[in-house]
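Below you'll find the structure, written out as structure tokens, and then a few comments.
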Amino acid sequence: MQLHLYNTLTKRIDLFTPLDAEVVRIYSCGPTVYDVAHLGNMRAFVFTDVLQRVLREVGGYPVRWVMNVTDVDDKTIRDSSVGSAKWRSEMGQQSDDLRANLRAYTGHFEQEFRADLTSLGIEMSHFAQMPRATDYIGQMQDLIREIIAAGYGYTSEGSVYFDVAAYSKKHTYGRLFTIDTENFREGVRIDADEYDRESVSDFVLWKGRKDDEPYWDFALNGEDLPGRPGWHIECSAMSKELLGLPFDIHTGGVDLRFPHHEDELAQCCAGYHVHDQARFWMHNEFLEVEGKKMSKSLGNFFTLRDLMKQGCDPLDVRLTLMLAHYRAVLNFTFDSLRAASVARGRVQNVIWDLIDVAGVPEAADKSSMPLAVAEAFADDLNVPQALARMYEYLAANADAKNSKEHAQQVLNALRSINNVLAVWSFSPRPALVVPNDVRSIADQRWAARTAKDWAEADRLRSELGTLGWSMKDGKDDYTLEPLS
RNA sequence: GGUCCCGUGGUAGAGUGGCUAUACAGAGCUCUGCAAAAGCUUGUACAUCGGUUCGAAUCCGGUCGGGACCUCCA
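For the first sequence, our numbering assigns the number -3 to the initial residue and increments by one for each residue that follows.
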């Protein structure tokens, strides 16, 4: 099925066609690994995961998905510095080798990040690569040389800058974001950068070395410029190296449209001489908590781990993060988390009921996804709509467990849907371990019930209740379930 | 100051000129000894004021409210 996706470059929903019929190439801006990622970050990653899964399952395309890990920036350097309070014993011993410290520090949070993604149903096997910025310093330096050679960069005080004015003479700066240079807000951030650049709109390609900071050697036109890469250069260099330019889709949070993505695009255009770094640029909206922006001062700042410690299932969190369209602000509330959890559990029970009848399904045929659901996914990833269509489909097939074939059909449909949503299990229902005393009371109650001794049956049921079990009477048999 | 987005039933959240999703919660019914589970039914909501229109929650304008971005935040 053909997909239509919103493209920040054209500011409308466009028909998606891959540049290369063989594979769809996606680059996602990943995390800066200076700390554990929070729920807002997670929304961005779940969004991209849904995108690549829809491309595979609904679009039928093979996907080459790359997500970077930023392991060198102000924060990672600050927090990995010798004597940093953020250093943890799991990271090992700090040494005199600042780059080794940086690697140990970021390596720790990279592992945490991968674990979070896995908890959220994002499969590591879906990534072609998850490159670290510091492994591509050479490619970044080559790109900077190209940009300088093309006349779009300059050196100042040991740092290298991108010359936006020079670039703007031949190219458009502001393709993803309309920049109103006349009305820059008067504020602190513009002058916050300590480096010297010729114009406030210029941005840094390479930051000159500072004392007590890790650095890499860099020879540029005979000049020795030890230092480290600027923020934007890594994504330009790594996306070109690992995907080739232009590639199909570039993703990130809305905040990255400017300056990060605008600058990435300009760098690629200036240094690699391609008009487009990517055909489609897709940006997810932010997450709010209980109607307010997530912030530490409001006390509504959550990480996935916080929620898991409170006993939340991460897949409930995943479903909650998919409840709103990716381009709409998502209001994360504990009510909606609870609602997602209940709804997910009910569908899971349907799946287990169907498996009882039809067995565990084979890998689903893509065509088994109900058309209405597929169309919703294909329409700029309208997951809320797809969920609604799925629930309608389930209601229309509520009697599926009455026939093996029907059960199989619904199971296949759900399996295909789940290849996108990834919140349900298609393994057989886990066997319940019922303690002997519970089993024995249940048998007694069943006997009492069969003998129509209702008083005794009710007494034994409440006894089971105090032991944490609920007994459900069937026609010829009963089932036991632990009370949650 | 500039650019832009949003305001939908108790909650979350699609839709977008007439056919008024969906989920959770609530209510009722069926089933059941009573339950539970499940299924069915049910709620006429679209900030506000005006305009366009045969018809607007949906288009246009004002107002009020919330939010994002405006140089290293997903």
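Beta carbons: idealized from backbone N, C-alpha and C, even for Gly.
What are the boundary residues of the alpha helix (DSSP H) that residue i is part of?
{"i": "residue 388", "result": "379 to 392"}
{"i": "residue 75", "result": "70 to 76"}
{"i": "residue 450", "result": "450 to 462"}
{"i": "residue 371", "result": "367 to 374"}
{"i": "residue 312", "result": "310 to 317"}
{"i": "residue 279", "result": "Where residue 279 is concerned, there is no enclosing alpha helix (DSSP H), although the beta strand (DSSP E) it sits in stretches over 274 to 280."}
{"i": "residue 26", "result": "It is not in any alpha helix (DSSP H) - residue 26 carries neither H nor E in the DSSP assignment."}
{"i": "residue 36", "result": "35 to 53"}
{"i": "residue 305", "result": "300 to 305"}
Short of 6 Å in beta carbon distance, which residues of its chain neighbour residue i, apart from the five on each side in sequence? Order them along the chain.
{"i": "residue 55", "result": "-1"}
{"i": "residue 366", "result": "389, 409"}
{"i": "residue 466", "result": "477, 479"}
{"i": "residue 290", "result": "36, 296, 297"}
{"i": "residue 124", "result": "60, 61, 62"}
{"i": "residue 189", "result": "Caution applies to residue 189, whose pLDDT of 46 falls short of 50 and renders its modelled position unreliable; the value that the coordinates give is listed next. None."}
{"i": "residue 101", "result": "76, 87"}
{"i": "residue 106", "result": "29, 65"}
{"i": "residue 368", "result": "385"}
{"i": "residue 25", "result": "248, 252"}
{"i": "residue 318", "result": "379"}
Considering residue i, what are the terminal residues of the beta strand (DSSP E) in which it resides?
{"i": "residue 477", "result": "474 to 478"}
{"i": "residue -1", "result": "-1 to 3"}
{"i": "residue 225", "result": "223 to 225"}
{"i": "residue 407", "result": "Here residue 407 belongs to no beta strand (DSSP E); instead the alpha helix (DSSP H) covers 400 to 417."}
{"i": "residue 8", "result": "8 to 12"}
{"i": "residue 63", "result": "59 to 63"}
{"i": "residue 469", "result": "465 to 469"}
Report the partner residues of residue i according to the DSSP bridge assignment.
{"i": "residue 151", "result": "156"}
{"i": "residue 167", "result": "Beta-bridge pairing links residue 167 to no other residue."}
{"i": "residue 437", "result": "Answer is none; residue 437 lacks a bridge partner."}
{"i": "residue 343", "result": "None; residue 343 has no bridge partner."}
{"i": "residue 174", "result": "Paired residue(s): none; residue 174 is not in a bridge."}
{"i": "residue 219", "result": "216"}
{"i": "residue 327", "result": "284"}
{"i": "residue 203", "result": "224"}
{"i": "residue 22", "result": "61, 245"}
{"i": "residue 289", "result": "284"}
{"i": "residue 66", "result": "28"}
Please list, in chain order, all residues of the same chain as residue i whose beta carbon is under 7 Å from its beta carbon, the five residues on each side excluded.
{"i": "residue 272", "result": "242"}
{"i": "residue 408", "result": "357, 360, 361, 364"}
{"i": "residue 147", "result": "162"}
{"i": "residue 198", "result": "157, 158, 159, 160"}
{"i": "residue 406", "result": "350, 393, 396"}
{"i": "residue 182", "result": "Bear in mind that the predicted position of residue 182 carries a pLDDT of just 48, short of 50, making it unreliable; the figure below should be weighed with that in mind. Closer than 7 Å at the Cβ level, and outside the excluded window around residue 182, lies no residue."}
{"i": "residue 52", "result": "59"}
{"i": "residue 122", "result": "48, 61"}
{"i": "residue 266", "result": "143, 146, 148, 163"}
For the ligand ZN, is there a heavy atom less than 7 Å away from the beta-carbon of residue i?
{"i": "residue 430", "result": "Summarising the ligand content, the structure contains no ligands, and the ligand ZN is consequently not present."}
Output needed for residue i: all residues of its chain with C-beta closer than 8 Å, excluding positions within five of it in sequence on either side, in chain order.
{"i": "residue 402", "result": "393, 395, 396"}
{"i": "residue 288", "result": "294, 296"}
{"i": "residue 460", "result": "434, 437, 438, 441, 466, 467, 476"}
{"i": "residue 341", "result": "none"}
{"i": "residue 84", "result": "104"}
{"i": "residue 268", "result": "139, 142, 232, 236, 241"}
{"i": "residue 432", "result": "none"}
Contiguous beta strand (DSSP E) assignments of at least 3 residues, all confined to the segment 105 to 149: 123 to 125
Stretch pair the segment 36 to 56 + the segment 114 to 122: three plus CB contacts closer than 8 Å: yes
Ranges of the beta strand (DSSP E) found wholly within the segment 233 to 267, counting only runs of at least 3: 243 to 249
The segment 5 to 23 in contact with the segment 391 to 400 per 3-pair CB rule at 8 Å: no
Cβ contact check for the segment 87 to 96 and the segment 247 to 257: 3 or more pairs under 8 Å: no
Given 8 Å, three or more beta-carbon pairs between the segment 348 to 355 and the segment 317 to 330: no
contact_flag[the segment 306 to 314, the segment 266 to 280] where n(CB pairs < 8 Å) is 3 or more: no
Inter-stretch contact at 8 Å, needing at least 3 Cβ pairs: the segment 414 to 428 / the segment 444 to 463: no
Validate contact between the segment 147 to 167 and the segment 129 to 138 using beta carbons, cut 8 Å, 3 pairs: no
Inter-stretch contact (C-beta, 8 Å, three-pair minimum) for the segment 78 to 89 and the segment 434 to 450: no
The segment 222 to 233 in contact with the segment 258 to 273 per 3-pair CB rule at 8 Å: yes
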